[in-house]
Structures are given as C-alpha cells and as structure tokens.
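Keeping their order, the protein sequence lines are chains V and R. Following my numbering, the numbering of the first sequence begins with 558 at its first residue and continues without gaps. Following my numbering, the numbering of the second sequence begins with 4 at its first residue and continues without gaps. Backbone N, C-alpha and C fix where the C-beta goes; we use that ideal spot for every residue, glycine too. Data block below; observations after.
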Amino acid sequence: MSKVIGIDLGTTFSAIASLDDLGNPEVLASIEDNRKITASAVYLKDNEVIVGDKALNYLKDQSNNVILQTKREMENDVVYSTDEGKWVNDKDLVDTYTPAQVSSLILKKLKEYTSDVKKVVITVPAMFAEKARQATLDAAKIADLEVIELINEPTAAVLHYASLPGVEVGGRVMIFDLGGGTFDVTFAEVKNKKVDVMTSRGDKYLGGRDFDKEITKLMKKKYFDVHKVEIDIENNKEYIHKAEEVKKILSVKDKANIEISGPNGLQKIEINLEEFEESIQTYIEKIKMLIEEAMEASGMNPSRINQTLLVGGSTRIPIITKVLTQMMGKPPVKGVNVDEAVVCGAAIYAGLKTEKETLNDQQQEALKEVNLTDVCNFYMGTLAVVTDNHTGRRVNANTIIIERDTKLPVSVTKRYTTIAEGQEELECNVTQSEGPEDNKEFVNIIHEEMLKLPKGRPANQPIDITYSYDESGKMHCMFTDVESGNSHEIELTPETTATLDDAKKQIEKISIE
Amino acid sequence: MKIFSLILFFILFSLNVDAKREDLFETHSKKLNQQIESKQVDNENIQELIKKLSNKDSLKKTYKETSSDFTEILKKIRPFIIPAIIIIWLITRSSNKPEDKPKKNTKNKSSRSRTEEFIKKHNEDHQKDEMTENVKDFFEINDDKKYDDEWNYDQGELEQLRIKIEEQQAGNLKVYDVEAIGMLGFTQDQVDQTKLENEEAKFTCYVFDVTDENNEIALQGLTDPYKDDKFLLQSNRNMKVGFGYAYNMWTPMFRFPVSLVIPPNRGKRKIKFVVSVTKLNAEFENGKIKNKKDLYFHTETLFDLNFEEPGYLDAEQYEGDINEKIVQLGMAVAYSEKKINTTGIEAIKSWINTEIIWKNYFEDSTDQKIKYSFLLKNTLELLKKNKLSLSEIVKEINYKSSVSKRYDAMNLLLNIAGSDDRLSKEEDKLLNNTARALELDLSRFQQMKTSTIANIETIEESDEDSEETIFNFSKDMTDADKCKKLREEYTRWNRQTNNSNEKIRNQARKMVELTANLRKKYNC
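This is the structure we're talking about:
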C-alpha cells in the first residue's frame, strides 16, 4: 500500500513526512545520517549528484558545482551552469539544469527515505506565482511523483498546529512563516481542527539566506579592517555557509567567533548580536510592512489576534520574537518544532486528500474532524477595453473576475461584450496579480487563446466569462459567446510537454548519492 | 388567467346554489367545463354564454318553476353577480385579443428592491479601481428572460414615458444616467409593427447642446460604444415592447461617462438628451431620425451643465497652442539636468509625428515640420538662458486643455524622462512639480510614474532626498504620513516581484529595498 506523503521543498532545507498508523504526521529521517531535515543543496558533476548536507562539503573546492537556493529561481527562465557556477539566462550552454530539474533531484533524494512513495502533497510559499507552482509540479513529474495537490506553506503549518495534541490553538491566529528563502504571513481562524484561512501576504526574497548574506557583509568588513584586503563574498559560497553557522550561534548567544579564510590567510573574527540585528533591519521593516498589510486586508488589528504561531527555522532569531511581541502585544506560541510544522501539515493534508481506502481506521479517525478552507491568493482577471476614469478614453486594461482572499472553492461569472461590428475573434486572456491592477503591464498573463465568433454581427455581443477556482488552486475558465453558445474552456493544470520529457531523460541519466 | 377566471366563476356559483338547482346548473357547468378542458374558448361560445348568464329573467324563470325559495337563493348569490360579470367581461375582452393582454407585475418587486438590485449589480461591476467593461453590462440586454425584468410594469396609473438625467458615481467613474419613468404607451398599430420585429423596438439616445436655441448641436462621440457611424455621441439598445410595459419608478436606461459629454464651449450650457423609440432598422442623421415613419415616439429632457473645461470647439481652437506648450514642457524635462537628453528629444519628435503630423496626414506637413523644428530650437535656447517660464506654460495648458490632454502631456513627459533608461533626480522633481501644477490626480500620477520606473534600468540616487522624490513626498507630510506612503509603495512594488517580465521584476526588487530602507530612516 502506498503511503500518505507530504513534502516541504524548502529554499535551504527540505523534508518529507508521512502519516503514521495512528494518523499522526511523522517526519522521515535520512537513511545515511538519520537527520530529519535535508539541506536543499545539490552537488552536480559529470552525471554524478550528491543531494543534502554532503553537497555542502564541496562548497570550498568545487563551489561552481554546488547549487543552492533553487526555490528562488523556480519562476525564472534560467538554467544553472556548472561552468559558470550560477543561474544564467543562456540556455544554449552545455551542462545546464533548469530549476525544476534541480528541484527534482532533491525530491528524488527525499523519496528514498521511505518506500512506496507515489502520490504526494508538496508545499509552496503562499505567494508563489503560477509559473513557480508550475515548475514545482514539473519537478515532481521529473522525479516520478504524482502530486495530489500543492498546499501553501503557512496553511500546511496551521493545519499541523491545529491538529497537535497538547498545544492549545484557537481563535484568530497569525502564522508567521520565516524560512530560509521566503516569508509568508497568514491570518486564519481556528476552531478545534477546523482551519479557515483569511489572507496571506509574502515576500519571496526574504528569509534566513538574506540574513546570511548580511553576515557575510559583516565578515567582509571585519576582514578588511584587519588586512585591508576584501574577501570575495559574492562568488565564494563557503562564506554563506560560514555565515549560517554564525546566525545559528547568534540565535542562542550574544556573540559568535569564527575563523574565515581570505587572500591574506585565516582570520578570527567576532560578530555580536547587536551588529547582526542592525544589519537585518531592512528585512525587519519588510516583515513589519507585510504584517501591517495583511492585517489591513483581513480587517484585523493586534488586539483581535489571539495567537502568533511560528514556522520556519529563521524564527529562532531573537529579534523576530522581540518584534512580534512588540507588534502583537503578546509573545508568540512556543514549543513546536518550527522546522517540521510545514511538512507535518503537508502530510495531514495528504491524508485529507487521499482516497479513503488508502487510510486505516485510526488514520481516518484522526483526520475525521480536520477541515480546511483556503482562499485565493491572487486576483484573477482578464484583459478588456474599459473607460479610463481620468481621461474618459477607452483603454485596454486588466479587469478582475475573482478577488483576492475569496474563499475557495469559488465560481464567478462576469458579462463582457464584443467591441467591434463584425468581430470574429475574441482574445481569451487569463491574468493573475497580487494587487487589483488595471495596468496590464503589472499582471501576469497565465493563459491566452482565441475564441472564434460568428461572422457579421453588430458590436456589443455578450460574452460570459466564468472562472472557477478549486481548493487546490487549480483554475477552470470558460469564455462563452452567449448568442451562439460557442465557448472556450481552459483548464489551468500542468501538462507534460516535450521539454519536460527531455528534462526527465536528462535527469534519469544522473545517479544520485 | 382565462381558465382561472372561469373556474372562479364556476366555484362562486356552485358554492351558492342549493341542491335542487344543481341539475339545471349542471348543463351550464358541463358546457363551461367542456370549454375549459378544450382550452378553446372561442368568441361565439363566450358571447352565447354571456347572453345566457346575462339573461337573468330566463334563468330566474326556470328557477321559479323548479324551486319555491329561489328568491332567497338569489339574495345569497347577489354579492357574486357583479364580480362574476366583471370576470366574464374580462374573459371576453381578453379573448378578443388574447396576445395583447397587458403584463401584470407578478414579480412583486418593490421600487426600493429594484434600485438596490441595480446599485448592487452596479457596484459589483465597478469594484475598486475598475471601470465598466461596457455600459451594456449594466442592462444585460441579450437575454430574453432579462428583458422581462427590465420593465417594472404598471402599478396604478402611469403617464407616458419620460426621462431625466442623474449624475452618478459608478466606482471611480462619474456618469450621467438617463433615467426613465412611465408607460411605454404604444398604440395598437405600433404594437402590430413590433410584432414583425420580434416584439422589439430600438431605443436610441442622442445628446445635444441647445444653449443657442437656434443652433442645436449634436455632441461628438469618438469612443466606442458611445458613438454612431458619424461620430456623434449616442447610445442605443433593443428592448422588448408591448402593451402595458412601463417603468413604475425612475430606472436607468442609458449611461454616459461624464468625461464623454463635452459641449462645444466652456461655461454654462443647456444639454438636451433625447431618447427615440423606433423600428429596429431606423437610421439617424445628425442625431435625428431620417424617416419619421420609423419613429414610434421620442422623449427628451434638458440638463444644465456648468462645463469648466474647454469645449471641443475651444479645444480645436486651442489645439495648436496646447501642442506647442506641451512640446516646450517636454523640452524642459529633456533639459532638466542642464544638458540635453538626446533620447528625450527623440521621444518629443516621435510625439510630434504621432500627435500632429500623422493626425493631419492628408495635409501638407511641411509648414508644421518647420514650425516645430524652430520651436524645439528656440525652446532649447530659452532653457539654456533660463528664460522659459514653466509656470506660464502650465497656466496656459490648464486653461486651454481638457483633463485628458493634460494626462497625455504627462505621459509624454514620463516617456521623455525614461527614454534613456534612467530617471534622474532633476527629472523626477520636475515631473512631480508639473503633475501638481497640472492639477492631476496625484495617486494616478504615481501609478503612471510606477509604470515608467518599472521599465527603466536606473533610478538616480544623487543625494539624500532623491529617494523621497521618487515617492513624491510633499513638504507638509509628517513622518507618519511618509511611513504610510512607504508601506503603500512597498506593497505596490512587492507585488511586482512576481511579474513575469524580468525587467519589471528586477526593478521591483530594487524599489522594495528602497522603501524598506526609507522606513528604517523614518523609524516607522
């Protein structure tokens, strides 16, 4: 019998969890080192691949072959070049790998921690755009995994919190998810095991890795102060690794002493907590702004939030707790493994979404009362000719069909009309945006196709556009010419493309250690 | 209705006669029942029936012969006789012309709920900053079922259909609603005519300036769907029509964006809205129906408008002046760093070509080319000598141009500023000041600037306050205001870190950093 599996595909660490026989999530450990979280690092050379902490060992001598932070590239049209040691736009280079391919290697590695893995739930940041979600699904396909659904990381985490015995979670909660590469803040209403998500906001470029970069800048300054020579923090990935060690120390101590190498040899340096906190102030400001924005969007204020739940390794940094306590007027909930909350929630969600016959009686009993209502994290719309309210001119602009934070599932129909006499075609665009944008430059067109219309009709023929969005974030769109009944249906689900097949073949040649 | 009335009639009688006359009445009832069942109540039968029923004497006679207390029975049934006669009269009337039966308000919708429904739908369609896709969205004219809902039907006596104008706020869009009330009041001939056209009529609304009683001018319309083939401002729709159709409350029938209703001249104007109800294929010329035979009727209303902008005739008159002033303003932006921005000059030349030369394509453009060539040269000289008065230019633009023209000007200025892929502090300051001077909506201006910033490589940060310039902080803003504004900007740009356009995405990341850094500076 195949297992119920959840995977947290993180920027710096990844994890895999399954439901045990009693229906509780259990994080699976690596067979090699018995660690429950695996570094999202990939060493790639001559069709040999090492995934996880061991890959980090190559940072010193072969850093070009070590790929880090792949998740941040998921939405980009880039490839990793082992020759250049970075993500590049030039796809004609040899020995290059797409973000989906590299991620698939991490997934393949996690798959090895247990047997009978076929169907999984994978977590993604709440603010992951369609393209990044698609790339995640592609990665799963390359790794021969069937994705039941993608789930937003903070949503998965709150599911875990709500299901935890011994942790009292209830009322309106803020899920503060600060991981290695991304930050999400989510507000939800929790009643027993019933989770009702209200809104999410996030920053895809805010996480522990950014704090590490700030530490490398401090390292560079301190080395320069002594030797008057700069260390190359941009290209030598070892410094990032060192910085991470410093950050970990500063999460429990006031200062960290480390030895770093540079052009003039080794140098011992000391970085204290105050210096570190000062260096990450810009990020703290971003965090504060996103919390303010999310509160505004959900009509909340700190006094109406009952609890703050922490998720992600970077929440261990003392200033985070300080800021949250200051903003929310009460300290966050402690006592939960912040590294495992997301993957455990993913396993619970996988249990909810899997076929009943896959679960035993105890598992079914454990999940009986778990219930999740999520929201649409984006505005979904289409391009249409509208009247500009300032100039009175007709302009081609984005119009919203489904509002952000609408409860899922949802189906909305809006009526539009053709604009020209004898119009024979209609451009069917599906747009996605984080804000209620009218400027078409500021929305992502995630699908476009033409709908044929009957000939010889006057203008103003009604066109009904229906968008339906299910709980998993899959969208179904229908453009209907009311008079003729001609319609065009769009299912925004992943399709295996020739490119994806090639990508899979390329990865299949590689043996993973 | 006929069947119901007959049954009611039957019940009324059957309830009030005693058993002794049952046999006698059975004959009539049977006849009636046969007629109901067959559902073929033809005129002859009905007339015969009425004759029989109205011939009370004969009926009474028969009763007298068969029952001694028939007088008492008559007393009992007396209250029902008049209603019964009315019912039968109605049946007879409707039988004559069954298809012309007036529609009754079976929907039981109150006036209030209709208004609320309209407003609700209206608001749904105009959420947030979004404008209407098309005015017809509000009326959903293409669904037959919806047609039935359009008319409120008659509730009591209504006058002939009339209209009035209401200025409304539809989301962010100001509109004039042409609202109607009253009976459609079609004659029999007109109804017969509409039957040849699927029981539909065309409702067309034209708008005229009648300030000068002797010179009625149809307003111009250049924008779909508010224009006819001769570019006059109009709106039209086909509607179901028939006897008894009415609006029993003021109901929006047409909607025109305020920005499209432009009279010929500035000042106090008398504007006339005319709704013509015509055959479907009726044609119009200068806003008037070509063939009067096609017209069922028309209704009109006057509206006093205080138009503070230049009218279209004024605009035509001022167009040359305004274009020159805009070009001079553009030159000021291109020279804002005290050196000429050549790509900016190219942007101005391109604007001249599109807005002036191309628009007058069929005319000899040599003179215009020479004129603008001199203007560019002379303006540059004035700029070099610091003798170009921007405040005078802006003052003239404000007086002589429409708001939309001023937004066009700002678009040009932003294009010039961003033409070299960088935004200098000087350019930025000049843009901010000009936007204020042109009395543009500053949040809209900031949106326009966001679009420019998103598409350039570099934003110059030459000194301390250059960052504030980018976000258009005004001097009277407190730190708290600035913090709020910075969060708005952060939100705006953070959303674009997901943009599929790499250039915009990268610029968004820079702007996110900038806002967060500034927040730090103001201790937000």
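Contact between the segment 941 to 960 of chain V and the segment 602 to 612 of chain V is absent, with fewer than three C-beta pairs closer than 8 Å.
Taking 8 Å as the CB threshold, Arg-766 (chain V) stays off the interface with chain R. Chain-ordered, the chain V residues with CB closer than 7 Å to the CB of Gln-499 (chain R) read Phe-999.
Note on geometry: alpha-carbon atoms of Arg-272 (chain R) and Ile-265 (chain R) lie some 10 Å from one another. At a Cβ-Cβ threshold of 8 Å, Ser-1025 (chain V) and Phe-1036 (chain V) do not count as neighbours.
For Tyr-410 (chain R), the nearest CB of chain V lies under 8 Å from its own CB, placing it at the interface with that chain. Residue-level contact by beta carbon holds for Cys-527 (chain R) and chain V, with a gap shorter than 8 Å. A direct Cα-to-Cα measurement between Val-1039 (chain V) and Thr-970 (chain V) gives close to 12 Å. Going by DSSP, Pro-656 (chain V) is part of the alpha helix (DSSP H) stretching over 656 to 668. Setting aside the 5 residues that flank it on each side, Ala-800 (chain V) is surrounded in the same chain by Asp-769, Ile-772, Thr-773, each with a C-beta closer than 6 Å to its C-beta; the list follows chain order.
Residue-level contact check: Glu-842 (chain V) touches chain R, since one or more beta carbons of chain R fall below 8 Å from its beta carbon.
At a beta-carbon threshold of 7 Å, none of the residues of chain R lie near Tyr-1026 (chain V); the nearest stands roughly 17 Å away.
Along the segment 962 to 978 of chain V, the positions whose C-beta sits under 8 Å from a C-beta of chain R are Lys-971, Arg-972, Tyr-973, Thr-974, Ile-976, Ala-977, read in chain order. By the 16-neighbour rule on beta-carbons within 10 angstroms, Glu-816 (chain V) is exposed. For the pair Ala-696 (chain V) and Ser-660 (chain V), the CB atoms are nearer than the 8 Å cut-off. Remark: three or more beta-carbon pairs, one from each stretch, lie closer than 8 Å, so the segment 577 to 586 of chain V and the segment 896 to 915 of chain V are flagged as touching. Pro-255 (chain R) has R:Glu-182 as its beta-bridge partners, per DSSP.
Under DSSP, Cys-208 (chain R) forms a beta bridge with R:Ser-238, R:Val-278.
Along the segment 858 to 876 of chain V, there is no position whose C-beta sits under 8 Å from a C-beta of chain R.
With a cutoff of 8 Å on beta-carbon distance, Gly-979 (chain V) and Lys-1012 (chain V) are scored as near each other. Arg-272 (chain R) sits in a strand when the DSSP states are folded into three classes. Under the Cβ distance rule, Arg-512 (chain R) counts among the residues neighbouring chain V, one pair being separated by less than 8 Å.
Only residues of its own chain outside the window of five on either side were considered, and among them Ala-813 have a CB closer than 6 Å to the CB of Ile-806 (chain V), listed in chain order. Taking a contact as a CB-CB distance under 8 Å, the pair Val-244 (chain R) and Glu-203 (chain R) counts as one, their CB atoms being some 7 Å apart. In this chain, the alpha helix (DSSP H) harbouring Glu-516 (chain R) covers 505 to 524. Taking 8 Å as the CB threshold, Val-406 (chain R) lines the interface with chain V. Judged by DSSP in its simplified three-state form, Leu-434 (chain R) adopts helix. Cβ atoms of Lys-560 (chain V) and Thr-680 (chain V) stay farther apart than 8 Å, at about 17 Å.
Annotation for Glu-630 (chain V): Trp-644, Pro-656 place their beta carbon closer than 6 Å to its own, counting only its chain and skipping 5 residues before and after.
Distances from the CA of Gly-247 (chain R) to each of R:Pro-267, R:Thr-190, R:Asn-268 were compared; the closest alpha carbon is that of R:Thr-190. Residues of chain V with a Cβ closer than 8 Å to the Cβ of Gln-450 (chain R) are, in chain order, Asn-996. Annotated three-state conformation of Lys-779 (chain V) is helix, per DSSP. In the DSSP assignment, Val-754 (chain V) falls within the beta strand (DSSP E) that extends over 751 to 760. In summary, Trp-361 (chain R) is exposed, with fewer than 16 beta-carbon neighbours lying within 10 Å of its beta-carbon over all protein chains present.
CA-to-CA, the gap between Glu-471 (chain R) and Val-895 (chain V) works out to about 39 Å. Here the C-alpha atom of Glu-984 (chain V) lies approximately 40 Å from the C-alpha atom of Ala-714 (chain V).
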